[in-house]
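Student: Input: one structure, supplied below.
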Amino acid sequence: MDAISEMPLLEVERLQVEFDTRAGIVHGLRGVDLSIRRGETLALVGESGSGKSVTAQAVMGLIDVPGRIAGGDIRWKGQSLLKGDGPRRAKDIRGKEVALIFQDPMTSLNPLITIGAQIGEVLQRHLGMTKAQARIRVLELLEAVGIPAPPRRAAQYPHELSGGMRQRVMIAMAIACEPQLLIADEPTTALDVTIQAQVLELIAGLQETLKLSVILITHDLGVVAGLCQRVAVMYAGRIVETGLADDLFERPSHPYTQGLIRSTPRLDDRLERLVSIEGAPPSLLAPPRGCAFEPRCPIAEARCGTEPPLAIVHAGASAACWKPSQPAWRDVPASAEPAPVS
Amino acid sequence: MSAALSMTTAPATPGLATAADPILSVRGLSVEYEASRPGFWSKPTRVQALRDISFDIRPGETLGLVGESGSGKTTIGRAVLRRIDTSDGRILFKGQDITNVRGEALRKLRRHMQLVFQDPYASLNPRMRVLDIVAEPLIVHGIVRSAEEARDQIGELLRLTGLPRDAHDRFPHAFSGGQRQRIGIARALALKPEFIVADEPVSALDVSVRAQVVNLLQDLQKELGLAYLFIAHDLSVVRHISHRVAILHSGRLVEIADRDTLYENPLHPYTEALLSAVPVPHPRTQRARKRLIYKGDIPDVAHWPTGCHFHARCPHATERCSLQVPPLVRKAPDHQVACWHR
Chain A
1 MDAISEMPLL
11 EVERLQVEFD
21 TRAGIVHGLR
31 GVDLSIRRGE
41 TLALVGESGS
51 GKSVTAQAVM
61 GLIDVPGRIA
71 GGDIRWKGQS
81 LLKGDGPRRA
91 KDIRGKEVAL
101 IFQDPMTSLN
111 PLITIGAQIG
121 EVLQRHLGMT
131 KAQARIRVLE
141 LLEAVGIPAP
151 PRRAAQYPHE
161 LSGGMRQRVM
171 IAMAIACEPQ
181 LLIADEPTTA
191 LDVTIQAQVL
201 ELIAGLQETL
211 KLSVILITHD
221 LGVVAGLCQR
231 VAVMYAGRIV
241 ETGLADDLFE
251 RPSHPYTQGL
261 IRSTPRLDDR
271 LERLVSIEGA
281 PPSLLAPPRG
291 CAFEPRCPIA
301 EARCGTEPPL
311 AIVHAGASAA
321 CWKPSQPAWR
331 DVPASAEPAP
341 VS
Chain B
1 MSAALSMTTA
11 PATPGLATAA
21 DPILSVRGLS
31 VEYEASRPGF
41 WSKPTRVQAL
51 RDISFDIRPG
61 ETLGLVGESG
71 SGKTTIGRAV
81 LRRIDTSDGR
91 ILFKGQDITN
101 VRGEALRKLR
111 RHMQLVFQDP
121 YASLNPRMRV
131 LDIVAEPLIV
141 HGIVRSAEEA
151 RDQIGELLRL
161 TGLPRDAHDR
171 FPHAFSGGQR
181 QRIGIARALA
191 LKPEFIVADE
201 PVSALDVSVR
211 AQVVNLLQDL
221 QKELGLAYLF
231 IAHDLSVVRH
241 ISHRVAILHS
251 GRLVEIADRD
261 TLYENPLHPY
271 TEALLSAVPV
281 PHPRTQRARK
291 RLIYKGDIPD
301 VAHWPTGCHF
311 HARCPHATER
321 CSLQVPPLVR
331 KAPDHQVACW
341 HR
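Chains as they are written, first to last, in my numbering: chain A, 1 to 342; chain B, 1 to 342.
The following block contains the structure:
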């Protein structure tokens, strides 16, 4: 591999995002470090309020008043998008080289414009295509995302399509400019499980054929397991653990990750009882000084009052914990014999 | 059709002499809604939301009811609680026919069956104290005259559902999503019901909190001998909590079996597709699973196809499937399936 492809496509460094609210400043992101290489699939996992979507919005330049980027940097192919003439360059990169798909395809599509015209607009604006060129390309894109009868569908309005079809249209729009990075923010959360499987398979297929890098934002560990090579777990505005998917599911280091995996019922589980992480995530109006998980952590001790850095635990895995890899939920067997599933 | 009816209206558990009498029996239940008019002067069209639904729930048992959006899960829940009228069929609660119970008798009946809602944010009045919220059913049913009178009783309910002792006088906004769902459960338990319909009670909750509520529901069932109709789209949670599972597809039950049979030996092609579409949160296991991804969408409630509603997506479908509705047939003592090919 040459030096260029070794370089991360996207780097996020000590990123801080704050929101002004009536109650005070909400510290949405409190120093997020992230990087993704070409062709890699990274899952950003966390609960609501952990900062997964804010991270995506910051990368896409969608943080707007009352929010602001309060510190840190975002680099695209080594060059800052925030400093110097970065913001100007970023306009050409966002939407073209980096594309975003949202959770709810109904609210992200214009209900008054046909599917074909909406995708065509992207092509005309970013690639300078003529209307006629765009029309042909739209049909190819609809075909590529598995929409049957493209000419008929292109003339339809969003409300005439099912949820799964709409999400396919969003994906077609996102890949219209042949991006290098696709950020998918909960792309299947609003979909039924059989439709979710179709959409995930589509994303995996596109990733392969277009050599895309994908950041998949989700709260569903099952979706992660099916699609991603690497996982970053977020909690209270920070990344608390990152590692290769196989490894992370097999031996999670951070107590939160351990709890998360074992509080998720599995289709093949025979556990009598789920691990229950008591309590709730802290308020980001006044984030704790030390480890944000300390109040809920069963193995917390005095030194957890100071913030643990994200440090390497073993090859390819880092965790922000003073006592990484220690079993935090002793009372429940780590892995029961999985029950067969068809 | 008459053959189909006679088979489905037979008692659901003739083979099991030891089983207790069902607390709830549903026989041949159908529900129709009035839909929009095609034109101003024309008659409104009728949409058949449920057709010929039959199942039993025994005391102290959880029946998981699974289906995708639009399949009619919530309609079943509302129909058995007598919140909507049925167009055909019978509902028996503890042997008494409640299909057409009205007025005072219905009000009395509702003491015995309660509902837990999906959205803990929308289902609690933000202007009422927790004490008033939980006491409301007691006041409505004339058991106490004021909330204050029930203070001790409600303290006990709050303890039972794992809420802090000082929760009484606080308002819903002071609680997290998981705690709000506990308030909703406490309210449902206030009248000491024997049967609870839980409509997607954990879908709106974050993963780590979901386990708390699932564990609570299981504990309450053991302690109070409750029977649940647990409505959900998440098959992993359903496996964890249910004793028996019913699969609903486009307004018809396609399969009912005890939990392990259904998950390990599903018979209906739709059940197979559904199970294989659920990702297991473990990368190695997930990669090893065979996946059946069927093309096409879930049929729309207003335009249901003739015959088996699944035939358009089913790989085993023959001409018969597109013409005749397969009846729900018993294949084993506790395993019923509606498919011409199984």
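Where a beta carbon is used, it is the ideal one built from N, C-alpha and C, also for glycine. Here the structure is a predicted model, which means the values were calculated and not measured.
Quick check: is the beta carbon of H219 (chain A) nearer than 9 Å to any beta carbon in chain B?
Tutor: H219 (chain A) counts as touching chain B.
Student: Counting only Cβ pairs nearer than 7 Å, list the residues of chain B close to D104 (chain A).
Tutor: Per Cβ cutoff of 7 Å: no residues; D104 (chain A) is ~14 Å from chain B at best.
Student: Taking Cβ positions only, does V224 (chain A) come closer than 9 Å to chain B?
Tutor: Judged by the 9 Å Cβ criterion, V224 (chain A) is in contact with chain B.
Student: Measuring straight from C-alpha to C-alpha, what distance separates Y228 (chain B) and P158 (chain A)?
Tutor: Looking at the two C-alpha atoms, the distance is approximately 38 Å.
Student: Tell me S213 (chain A)'s beta-bridge partners as DSSP assigns them.
Tutor: S213 (chain A) pairs with A:L181.
Student: Who are L92 (chain B)'s beta bridge partners in DSSP?
Tutor: Beta-bridge pairing links L92 (chain B) to B:S25 and B:D97.
Student: Just how far apart, CA to CA, sit A315 (chain A) and Q229 (chain A)?
Tutor: Distance between the alpha carbons of A315 (chain A) and Q229 (chain A): 15 Å.
Student: Since Y294 (chain B) meets chain A, which of its residues come closer than 8 Å, beta carbon to beta carbon?
Tutor: Simply T194.
Student: Nearest-angstrom Cα distance between L191 (chain B) and A147 (chain B)?
Tutor: Near 14 Å, if we compare the C-alpha coordinates of A147 (chain B) and L191 (chain B).
Student: So if I threshold CB-CB distances at 9 Å, which residues from the stretch 265–285 of chain B count as touching chain A?
Tutor: Correct list: N265, P266, Y270, T271, E272, A273, L274, L275, S276, A277, V278, P279, V280, P281, H282, P283, R284 and T285.
Student: Output the distance between the C-alpha atoms of T188 (chain A) and V59 (chain A), rounded to the nearest integer angstrom.
Tutor: Roughly 21 Å separates the two Cα atoms.
Student: Pick helix, strand or coil for H249 (chain B), following the three-state DSSP scheme.
Tutor: Here H249 (chain B) sits in strand by DSSP.
Student: Please list the partners that G164 (chain A) has in chain B, where partner means a Cβ-to-Cβ separation under 8 Å.
Tutor: Going along chain B in sequence order, the residues near G164 (chain A) (Cβ under 8 Å) are D297.
Student: Should A236 (chain A) and P309 (chain A) be called a contact, given that it needs their Cβ atoms to be closer than 9 Å?
Tutor: No, they are not a contact pair.
Student: Quick check on V293 (chain B): buried or exposed, where buried means 16 or more other Cβ atoms within 10 Å of its Cβ?
Tutor: One detail in the question is off: residue 293 (chain B) reads as Ile in this sequence, not Val. Exposed.
Student: Using a C-beta cutoff of 9 Å, does D334 (chain B) count as contacting chain A?
Tutor: Not an interface residue.
Student: Is V275 (chain A) close to chain B? Criterion is C-beta to C-beta, closer than 9 Å.
Tutor: Chain B contact via Cβ: present.
Student: Taking the alpha carbon of A188 (chain B) as the reference point, which residue from B:L235, B:E136, B:D21 and B:R127 has its own alpha carbon closest?
Tutor: Among B:L235, B:E136, B:D21 and B:R127, the Cα nearest to that of A188 (chain B) is on B:E136.
Student: So, using beta-carbon positions, are A317 (chain A) and P279 (chain B) closer together than 9 Å?
Tutor: In this structure, P279 (chain B) does not lie closer than 9 Å to A317 (chain A) by Cβ.
Student: Would you tell me roughly how many angstroms separate the C-alpha atoms of L191 (chain A) and S283 (chain A), rounded to the nearest one?
Tutor: Going from the Cα of L191 (chain A) to the Cα of S283 (chain A) covers about 30 Å.
Student: With DSSP as the reference, please indicate the residues paired to Q114 (chain B) in a beta bridge.
Tutor: According to DSSP, which records beta bridges pairwise, Q114 (chain B) is partnered with B:I196.
Student: Which value, in whole angstroms, describes the spacing of the CA atoms of Q118 (chain A) and Q167 (chain A)?
Tutor: Using only the alpha carbons, I get a separation of about 14 Å.
Student: Quick one: is R266 (chain A) near chain B, going by C-beta distance under 9 Å?
Tutor: Yes, because at least one Cβ of chain B sits closer than 9 Å to the Cβ of R266 (chain A).
Student: Using a C-beta to C-beta distance shorter than 8 Å, which residues of chain B count as neighbours of I239 (chain A)?
Tutor: The premise fails here: I239 (chain A) is roughly 17 Å from chain B at the closest Cβ pair, so nothing lies under 8 Å.
Student: Spell out whether any CB of chain B is found under 9 Å from the CB atom of D73 (chain A).
Tutor: Not one chain B Cβ lies under 9 Å of D73 (chain A).
Student: What are the boundary residues of the beta strand (DSSP E) that S35 (chain A) is part of?
Tutor: Counting along the chain, the beta strand (DSSP E) containing S35 (chain A) begins and ends at G24 to I36.
Student: Are V47 (chain B) and E68 (chain B) touching if we call contact CB-CB under 9 Å?
Tutor: No.
Student: Give the residues from the stretch 51–85 of chain B that approach chain A closer than 8 Å (Cβ to any Cβ), ordered along the chain.
Tutor: Residues E68 and S69.
Student: With distances taken from CA atoms, which of A:S325, A:A184 and A:G46 is nearest A311 (chain A)?
Tutor: A311 (chain A) has its Cα closest to that of A:S325, out of A:S325, A:A184 and A:G46.
Student: 9 Å is my cut-off, CB to CB: does R239 (chain B) come that close to chain A?
Tutor: For R239 (chain B), the answer is yes, since a Cβ of chain A falls inside 9 Å of its Cβ.
Student: Which word fits K73 (chain B), buried or exposed, when buried means at least 16 other C-beta atoms lie within 10 angstroms of its C-beta?
Tutor: Buried: at least 16 other Cβ atoms inside 10 Å.
Student: So, at 6 Å on beta carbons, what are the nonlocal neighbours of P315 (chain B) in its own chain, with the 5 sequence-adjacent residues on each side left out?
Tutor: Same-chain partners within the cutoff: there are none.
Student: Is there a C-beta anywhere in chain A that falls below 9 Å from the one on R182 (chain B)?
Tutor: No, its Cβ sits nowhere closer than 9 Å to a Cβ of chain A.
Student: So M173 (chain A) is in the beta strand (DSSP E); what residue range does that whole segment cover?
Tutor: First-last for M173 (chain A): G163 to I175, but that is the alpha helix (DSSP H), not the beta strand (DSSP E).
Student: Roughly how far, in whole angstroms, is the beta-carbon of L29 (chain A) from the beta-carbon of G51 (chain A), given that I think they are within contact range, below 8 Å?
Tutor: Confirmed, about 5 Å.
Student: Name the chain B residues that come within less than 7 Å of Q57 (chain A), Cβ to Cβ?
Tutor: Near Q57 (chain A) there are no residues of chain B at all, since even the closest Cβ is about 20 Å away, more than 7 Å.
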